[in-house]
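With the UniProt record's numbering as the guide, the letters of the sequence shown map in order to residues 1 to 596. Before any comments, here is the structure.
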Amino acid sequence: MLLLIVLARLFRPKRYNAPRDLDKKQGILYRSWRSVASTSRRYLLPESLPRIFPNTTRLQILILAALCVYLTIFSLVGIVYKTWVTPVKNSDKFNTRTGLGGFSDRVGALAYALTPLTIALSTRDSILSLLTGVPYQHFNFLHRWTGRIILIQSFLHTIGWTIIEGKLYQPQPKVYNNFIKQTYMVWGIVAQGFITFLFVFSLKPVIRWTGYEFFRKSHLVVAGLYLGACWGHWNKLACWMIASLGLLGIDLGFRVVRICLIHVGYKNGNQGIGFRSVQAKIDTFKDPTGTIVRLSFTHNHEPWRTGQHFYLTFPALSLWQSHPFTPASVPPIALVPPTHTYIIRARKGETGKLAAIAEPGESEKGALPETSVILTGPYGCSVVDKEASNVLAIAGGTGISFALPVVILALTDDLSHTQNVELVWIIRHIENLMWIAPELSSLKSQLTHDANSSPLKVRDNVKVQPLKRLRIRIFVTRLPETQAHVRPNGNEKDLEISSASSSASLSAEQSLMDLLKPHPDFSVTYLNHEHPSIPGIVDAFAIDTLASGRTQVVASGPVALGTDIRAAVAARNSAGHVWRGDEKGDIDCVWDDRMG
Numbered sequence: 001m002l003l004l005i006v007l008a009r010l011f012r013p014k015r016y017n018a019p020r021d022l023d024k025k026q027g028i029l030y031r032s033w034r035s036v037a038s039t040s041r042r043y044l045l046p047e048s049l050p051r052i053f054p055n056t057t058r059l060q061i062l063i064l065a066a067l068c069v070y071l072t073i074f075s076l077v078g079i080v081y082k083t084w085v086t087p088v089k090n091s092d093k094f095n096t097r098t099g100l101g102g103f104s105d106r107v108g109a110l111a112y113a114l115t116p117l118t119i120a121l122s123t124r125d126s127i128l129s130l131l132t133g134v135p136y137q138h139f140n141f142l143h144r145w146t147g148r149i150i151l152i153q154s155f156l157h158t159i160g161w162t163i164i165e166g167k168l169y170q171p172q173p174k175v176y177n178n179f180i181k182q183t184y185m186v187w188g189i190v191a192q193g194f195i196t197f198l199f200v201f202s203l204k205p206v207i208r209w210t211g212y213e214f215f216r217k218s219h220l221v222v223a224g225l226y227l228g229a230c231w232g233h234w235n236k237l238a239c240w241m242i243a244s245l246g247l248l249g250i251d252l253g254f255r256v257v258r259i260c261l262i263h264v265g266y267k268n269g270n271q272g273i274g275f276r277s278v279q280a281k282i283d284t285f286k287d288p289t290g291t292i293v294r295l296s297f298t299h300n301h302e303p304w305r306t307g308q309h310f311y312l313t314f315p316a317l318s319l320w321q322s323h324p325f326t327p328a329s330v331p332p333i334a335l336v337p338p339t340h341t342y343i344i345r346a347r348k349g350e351t352g353k354l355a356a357i358a359e360p361g362e363s364e365k366g367a368l369p370e371t372s373v374i375l376t377g378p379y380g381c382s383v384v385d386k387e388a389s390n391v392l393a394i395a396g397g398t399g400i401s402f403a404l405p406v407v408i409l410a411l412t413d414d415l416s417h418t419q420n421v422e423l424v425w426i427i428r429h430i431e432n433l434m435w436i437a438p439e440l441s442s443l444k445s446q447l448t449h450d451a452n453s454s455p456l457k458v459r460d461n462v463k464v465q466p467l468k469r470l471r472i473r474i475f476v477t478r479l480p481e482t483q484a485h486v487r488p489n490g491n492e493k494d495l496e497i498s499s500a501s502s503s504a505s506l507s508a509e510q511s512l513m514d515l516l517k518p519h520p521d522f523s524v525t526y527l528n529h530e531h532p533s534i535p536g537i538v539d540a541f542a543i544d545t546l547a548s549g550r551t552q553v554v555a556s557g558p559v560a561l562g563t564d565i566r567a568a569v570a571a572r573n574s575a576g577h578v579w580r581g582d583e584k585g586d587i588d589c590v591w592d593d594r595m596g
């Protein structure tokens, strides 16, 4: 399966280049490939069996099912299923020999063989991501379930040999006592305890009880101990443990290298080389549902790719915790130090302490408070499809960190095919627009609505792409505390808004009013404690604003939003349309549910 994915990625046909080929029908190989991709998304993108596999696509379930079928077949084939009763020397007892021994050995060997794959599915610097182009975090589902399969295999192995040595072999209890005292059996019991610990303490209720940081650190330590115990249990299969330890060591080593590449260099005001943390400015925004932190800083290092994320550590709070966050800023094209911006929802743990730093009294003379930051990354893969003609970005809450850079890059990248860009942001309160006020103001300045513009323009007798069109739609799920009058269609043209909080400053009110200035391609819709119809949003974009060519839907937010988006995108895919040359039935989906 991995080989097929790698070959498909390497040899997939490319779209004709613009602008001279806009009217040229794509070749049969390209249309065939896109038809297969469209069909796959239609049937494999939606979620299934939510009670067993919550927020999991059918594709992931299909891969897991294929793995289970493979393991089931090779756990059972080639074993002689017979029973032999043999006398025990110098005794009137009999040994009973069956195919249970061969089966128990087989599932134990397969558990060893599955271990390197399970480790590879959990690493940040994943060789699987390098081969397939799939971000490492999308392998977490398979990592969890391959770990559970190993747990089941190890229990079957243990139960099988316990029955054999404790019941079928005679005389008892002499045979079992001699069996259980052996060194390799002691290590087997220890390994069984470690794998059970890994399973129990990876359950969501237990993680909520013990805390995520305990889970993360204990999982890493106990996993290493488990590999060593397996090596001690049966060293004839140590090759699998060596491979697993190698993958684990490479991943941890690359984390250290990444930190050094970003933070080790010439210190400010000093010619010596040393470790430099980053000083980040903290701004906070409060609403009835909590506090949002806007973290921003500039640091000289290699730029990331849009869609990638960093792990951030705050030494002032703890050196032993790091959290993944996606930059809401776009990496620079020129050789200038990149500027990072992060939109973070403050919760009870480390992010709550981060927000506390910005409380009144912490800063001087009205300046924004600062804190030191250590970066690790970037991780993940680029999510930008330069062959897509239409980009729909949907964000829920702080998911705007993931969607916003995609929109900005689609508008500024002259090498992409993108013609239509739409940003849909679902927020709880209208004041939430202030989280990205500078970026939103810049986007509004690029709105160029021309109702009479044609899909293609002619220049020097050659049809070329028109100027890229941007539309912004804001959905507010909570009504403002003060009266606000909005037209039924949600256009803010008739919006009258006053301060929703007595503590809001005049400058903040004015900034908000500036963001809400009317424009035909900018709309605000208030919803009374409801969520917008995601199928309606996707359908409206597909019907009203599509240019000739493929479409990419990029989204981030709560997991429920991801469920709706997958279903809506899958329903719009149509292989028949793609085969006939109508690429409106070819809609790709990129979903990210990390809320940082």
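Note that beta-carbon positions come from the ideal geometry of N, C-alpha and C, so glycine has one too. Just so it is clear, the structure is predicted and the values come from calculations on it, not from any experiment.
query                                                                                                           : result
Assigned secondary structure, Pro535 (DSSP; H/G/I helix, E/B strand, else coil)                                 : helix
Extent of the continuous alpha helix (DSSP H) run through His219                                                : 212 to 233
C-beta atoms of Leu295 and Tyr226 nearer than 8 Å                                                               : no
Sequence-distant residues of the same chain with beta carbon closer than 8 Å to Arg58, five excluded per side   : Tyr43, Leu44, Leu45, Pro46, Glu47, Ser48
Pick from Phe139, Trp84, Gln172 that is closest to Asn91, judged by C-alpha positions                           : For clarity, residue 91 is Ser in the given sequence; the question names Asn instead. Checking every option, the nearest Cα to that of Ser91 belongs to Gln172.
Ser296 - DSSP class collapsed to helix/strand/coil                                                              : strand
Pro116 versus Arg258, Trp240, His157, Ser329, residue with shortest Cα-Cα distance                              : Trp240
Cβ pair count under 8 Å reaching 3, the region 563 to 576 against the region 31 to 43                           : yes
Cross-strand partners of Val391 (DSSP beta bridge)                                                              : Val421, Gln552
Other residues of its chain near Thr339: CB distance less than 8 Å, five sequence neighbours each side excluded : Ser296, Phe297, Thr298, Ser329, Pro332
Bounding residues of the alpha helix (DSSP H) (the contiguous stretch that carries Val407)                      : 400 to 412
Per-residue DSSP class, three states only, for Cys381                                                           : coil
Inter-residue Cα distance where the pair is Asn489 and Arg473                                                   : Any reading at Asn489 must be qualified, since the residue scores a pLDDT of 43, below 50, and its modelled position is unreliable; no value is offered.
Host alpha helix (DSSP H) of Phe179 (start-end)                                                                 : 174 to 180
Same chain, Cβ closer than 6 Å to Leu2, neighbours up to 5 away in sequence not counted                         : none
Any C-beta of chain B under 8 Å from that of Pro332                                                             : In the displayed structure, chain B is absent; only one protein chain is listed.
Sub-8 Å separation of Ile164 and Leu76 beta-carbons                                                             : no
Top-ranked residue by Cα proximity to Ala542, from Asn390, Trp145, Tyr184                                       : Asn390
Given Pro535 as reference, the closest of Asn528, Ser556, Ala570, Glu509 once Cα atoms are compared             : Ala570
Contact under 8 Å by Cβ, Phe285 with His309                                                                     : no
Pairwise C-alpha distance: Glu422 and Leu561                                                                    : 17 Å
Spatial distance of Gln192 from Ala223 (CA atoms)                                                               : 12 Å
contact_flag[the region 152 to 166, the region 103 to 113] where n(CB pairs < 8 Å) is 3 or more                 : yes
Best match in Asp544, Leu168, His429 for proximity to Thr83 [C-alpha to C-alpha]                                : Leu168
For His340, the first and last residue of its enclosing beta strand (DSSP E)                                    : 339 to 345
Proximity below 8 Å, CB of Ser372 to CB of Pro315                                                               : yes
Assumed close pair Leu515, Leu415 - CB separation to whole angstroms, cut-off 8 Å                               : In fact, because the Cβ distance is near 30 Å, the residues do not count as touching under 8 Å.
Where the alpha helix (DSSP H) containing Arg58 begins and where it ends                                        : 58 to 76
Own chain partners of Ser126 with C-beta closer than 6 Å, once the 5 adjacent residues on each side are dropped : Tyr136
Proximity winner among Gly108, Gly549, Lys14, relative to Cys230 (alpha-carbon distances)                       : Gly108
Three-state secondary structure assigned by DSSP to Glu115                                                      : Here the sequence assigns Thr to residue 115, which means Glu is not the residue at that position. Note: Thr115 maps to helix in three-state DSSP.
Whole-number beta carbon distance between Thr418 and Ala410, since they are thought to touch under 8 Å          : 4 Å
Asp588 in three-state terms, based on DSSP                                                                      : strand
Cβ neighbours of Glu370 in the same chain (closer than 6 Å, five flanking residues each side left out)          : Gln279, Lys281
DSSP beta-bridge partners of His519                                                                             : Phe522
Per DSSP, cross-strand counterpart(s) of residue 661                                                            : Since the first and last residues shown for the chain are 1 and 596, residue 661 lies out of range.
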